[in-house]
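Read the structure below first, then the notes.
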Amino acid sequence: MVHTCVVAGCRNRRTPGTTLSFYRFPRDPERKQRWIAAVNREGWVPNDGSRLCSTHFISGTDGQGRSVVGERGQEEHPEEREQEAIVEESASSSISADEDDDEDVESMSDSKKGKFAQTSDVPVNFDDIVKALKKENQTLRESVEKMSLSESSLRNDAEKVKFYTGLPNYFVLETVMWLLAPHMDGMKNVKLSKFQQLLLTLMRLRLDLRNQDLAYRFGVKVSMVTRTVHQMVSIMSSTLVPTAVFWPSRAELRKNLPAALRTSHPDCAVIVDCFTVPFEEPVSRGNQQQQQQQRVVPSSQVVGTSHNVLKYLIGVAPQGVVTFVSRGVLGNISDKSLAEGCGLLCKLLPGDVVLASRDLNIADSVAARGALFKIASSYQSEAYGSSGGSDTCSETVSVQRHVDRVISMVKQRYAMLTGPVESPFTAASERTSNLSTFDKIVQVACALNNLCISAAPLE
Numbered sequence: 232m233v234h235t236c237v238v239a240g241c242r243n244r245r246t247p248g249t250t251l252s253f254y255r256f257p258r259d260p261e262r263k264q265r266w267i268a269a270v271n272r273e274g275w276v277p278n279d280g281s282r283l284c285s286t287h288f289i290s291g292t293d294g295q296g297r298s299v300v301g302e303r304g305q306e307e308h309p310e311e312r313e314q315e316a317i318v319e320e321s322a323s324s325s326i327s328a329d330e331d332d333d334e335d336v337e338s339m340s341d342s343k344k345g346k347f348a349q350t351s352d353v354p355v356n357f358d359d360i361v362k363a364l365k366k367e368n369q370t371l372r373e374s375v376e377k378m379s380l381s382e383s384s385l386r387n388d389a390e391k392v393k394f395y396t397g398l399p400n401y402f403v404l405e406t407v408m409w410l411l412a413p414h415m416d417g418m419k420n421v422k423l424s425k426f427q428q429l430l431l432t433l434m435r436l437r438l439d440l441r442n443q444d445l446a447y448r449f450g451v452k453v454s455m456v457t458r459t460v461h462q463m464v465s466i467m468s469s470t471l472v473p474t475a476v477f478w479p480s481r482a483e484l485r486k487n488l489p490a491a492l493r494t495s496h497p498d499c500a501v502i503v504d505c506f507t508v509p510f511e512e513p514v515s516r517g518n519q520q521q522q523q524q525q526r527v528v529p530s531s532q533v534v535g536t537s538h539n540v541l542k543y544l545i546g547v548a549p550q551g552v553v554t555f556v557s558r559g560v561l562g563n564i565s566d567k568s569l570a571e572g573c574g575l576l577c578k579l580l581p582g583d584v585v586l587a588s589r590d591l592n593i594a595d596s597v598a599a600r601g602a603l604f605k606i607a608s609s610y611q612s613e614a615y616g617s618s619g620g621s622d623t624c625s626e627t628v629s630v631q632r633h634v635d636r637v638i639s640m641v642k643q644r645y646a647m648l649t650g651p652v653e654s655p656f657t658a659a660s661e662r663t664s665n666l667s668t669f670d671k672i673v674q675v676a677c678a679l680n681n682l683c684i685s686a687a688p689l690e
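Per this note's numbering, the sequence shown starts with residue 232, numbered consecutively.
Here you go:
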């Protein structure tokens, strides 16, 4: 902005290269009135753009300042003018910074001019500058490549694959992609490739990133992220889960039974326990009524008051893989009711042993299937009597750690399972299915965990 000095008869203007300084009128009413009087323009009132140039502030050699305004400038007391001459220059810069971006002083000092004059005489080596720019460009390329989510950037970077997907390497990721690809042909998504859709979904499960974050990373709308996650989870639930989460045969269980159970529980088919995941909002009233109609729970069997959590029953093979996971129910249901209504008992064969580290009150239900429910401590007490107290404690802790280790491994690998779950994921995703999208996410996370390693054998 070009400013002109408001003093009568002064034609100084702020222009590029000028050595003059231009000052605002002070905010203090008393000082501002003295400036207006010095300008000596009858009836004139300054506005925000009014400026006074530096030629009207003259300091004497005796340390006293006086103001000369045009030919008719009024002279004030030396003490007052000295204060204004010294203070105004420092105060004006701070005022201008607070009020607008327009600097009050745009002059270049002689010292700065001297510096530019010196640098202009020094010869410039453009080859060195080009080399430095190329090196910086290469560093930026490498940095961008590290942040890239392209298929090529993941192919040779196992740590990157593990960080974003939870899978151990690109080969496992490629195998999952190969299993899912034929079922993704019906998905209408022209902006994201099949690989990007899978990667986006795995990042949602793995890092628990919100849809807005993923939309920014992949350059799409939030609605597309939401639709992609729901569709991919449904495809993975129907394709990947049956492949990776299944009930092994008795021969397979006995063949690979860990040594810790080979003598004490040779017929162990599964180790069971429950875990919970909090959700953000209670499920809708209609969904609650539907769940109550589907499973009538006697009041004597309802425990706790955890209405804001989803409860799951998980079955873990002695080898450390997940072989069963129920759908989620409201957390106020008892372990017994959950176990009897989730379908686990239908998988038991006569002679199977169901092991747990605590009493789930399902011994009669398991016995009705010809199987046996055992708590590690009670079995040891029967087998060894009172002398086996230390072994009892050791086995109970071992069984409990086994299940806890698998559950914690799944939750650590896929942070979305730690909750709280967003309300859209708790609603049933299909009218013909009782599974919510989050139920499918839990099953998919267990399936992906099984693909990683034979997780935590009980040793």
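Beta carbons are placed, not taken as given, at the ideal position from N, Cα and C, and that holds for glycine.
Pick from the options that is closest to residue i, judged by C-alpha positions
i	options	result
residue 466	414, 431, 496 and 432	414
residue 470	408, 507 and 490	408
residue 288	270, 669 and 275	270
residue 548	638, 443, 591 and 276	638
residue 607	601, 591 and 456	591
residue 477	671, 240, 552 and 643	552
residue 561	456, 570, 632 and 542	542
residue 230	489, 655, 653 and 497	Residue numbering for the chain in the displayed model covers 232 to 690; residue 230 lies beyond these limits and cannot be assessed.
residue 418	464, 450 and 381	464
residue 242	254, 277 and 283	283
For residue i, the three-state DSSP class (helix, strand or coil)
i	result
residue 564	coil
residue 303	Here residue 303 scores only 35 on pLDDT, less than 50, and its place in the model is too uncertain to base an answer on.
residue 509	strand
residue 645	coil
residue 241	coil
residue 422	coil
residue 360	helix
residue 546	strand
residue 465	helix
residue 504	strand
residue 272	coil
residue 667	strand
residue 657	coil
residue 394	helix
residue 553	strand
residue 340	Bear in mind that a pLDDT of 42 at residue 340, under 50, signals an unreliable position, so the number given afterwards is only what the model happens to contain. Coil at residue 340, not helix or strand.
residue 476	coil
residue 246	coil
residue 355	coil
Nearest-angstrom Cα separation, counted from residue j out to residue i
i	j	result
residue 396	residue 679	9 Å
residue 447	residue 545	35 Å
residue 416	residue 605	47 Å
residue 387	residue 402	10 Å
residue 554	residue 368	51 Å
residue 583	residue 493	14 Å
residue 692	residue 246	With the chain represented from 232 up to 690, any question about residue 692 goes unanswered, as that position is not in the structure.
residue 453	residue 441	9 Å
residue 306	residue 361	Because the pLDDT of residue 306 is 36, which lies under 50, any placement of that residue in the model is unreliable, and the question is left without a value.
residue 682	residue 483	17 Å
residue 423	residue 665	30 Å
residue 461	residue 364	45 Å
residue 392	residue 480	33 Å
residue 507	residue 539	10 Å
residue 428	residue 572	34 Å
residue 485	residue 383	42 Å
residue 510	residue 647	11 Å
residue 320	residue 373	Below a pLDDT of 50, predicted positions are generally treated as unreliable, and residue 320, at 40, falls in that range; the measurement from the model is reported next regardless. The straight-line gap from Cα to Cα measures roughly 48 Å.
residue 444	residue 574	38 Å
residue 668	residue 651	14 Å
residue 370	residue 653	39 Å
residue 455	residue 656	16 Å
residue 670	residue 366	50 Å
residue 389	residue 399	7 Å
Proximity below 9 Å, CB of residue i to CB of residue j
i	j	result
residue 676	residue 436	yes
residue 692	residue 566	Lying before the first or after the last residue shown, residue 692 is absent from the chain, which here runs from 232 to 690.
residue 557	residue 576	no
residue 502	residue 412	no
residue 673	residue 559	yes
residue 432	residue 459	yes
residue 491	residue 579	no
residue 504	residue 589	yes
residue 244	residue 233	yes
residue 449	residue 380	yes
Q. Could you give the uninterrupted runs of the beta strand (DSSP E) lying entirely in the stretch 575 to 599, keeping only those of 3 residues or more?
A. 584 to 587
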